[in-house]
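Notes follow once the structure below has been shown.
Structure (structure tokens):
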């Protein structure tokens with residue numbers, strides 16, 4: 001068994017759809033240590049495995065566990081380990097785009113901050129905020145999910161995306177500014 005097969009075995013051991021994740025905190029810390037050792041010994045997250053890659057399998061697992069708010073700090077450590085050598089471009093492959101799934105999670109769960117933290121790390125490793133996804137860009141779709149305050153440039157999320165090259169003139173920001181302008185006109189007209 002090579003290090004990549006061990007990594008996949010470990011991921012499959014951590015979570016199954018029927019039983020979810022049932023590891024105690026101490027076990028999660030051991031998982032981080034094991035993955036750290038696998039990375040030192042040549043783990044290649046981009047290697048094909050079971051119709052996908054180790055990286056994509058991990059991201060699917062990461063997404064599920066983040067949405068359950070499970071061991072967020074330790075999952076982030078594992079994500080950072082994978083990001084050292086994983087290809088961000090793989091997130092755009094295939095019909096089921098993981099970027100779209102991550103964006104959908106922002107609107108559905110109270111754990112959206114965990115997913116936003118993942119986006120920050122992905123941006124720092126080459127995620128293109130202006131990539132076309134599902135009729136918009138990653139940036140546009142993110143703005144639609146996180147709500148009006150961040151749309152007009154307020155907040156760390158917006159500035160983070162902008163610092164990585166997100167289009168400051170995207171349609172979501174423009175429509176928010178137009179809406180604010182109309183509301184301002186209505187208020188002035190009433191006075």
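Residue numbers (the UniProt record's numbering): 1 to 191. Just so it is clear, CB atoms sit at the ideal spot from N, CA and C, and this is done for glycine as well. Nothing here was measured: the structure is a model prediction, and the numbers come from that model.
Excluding the 5 residues flanking it on each side, residue 144 has same chain C-beta neighbours closer than 7 Å at 172, in chain order.
For the pair residue 162 and residue 125, the CB atoms are not nearer than the 8 Å cut-off. One thing to note: residue 49 has its Cβ no nearer than 8 Å to the Cβ of residue 41.
In this structure, DSSP gives residue 136 an extended state, which the three-state scheme calls strand.
Distances from the alpha-carbon of residue 77 to those of 135, 170, 29 put 29 closest.
Looking at the DSSP output, residue 52 sits in a beta bridge with 49. Rounded to the nearest whole angstrom, the CA to CA distance from residue 81 to residue 89 is 17 Å. Taken through DSSP and simplified to helix, strand or coil, residue 30 comes out as helix.
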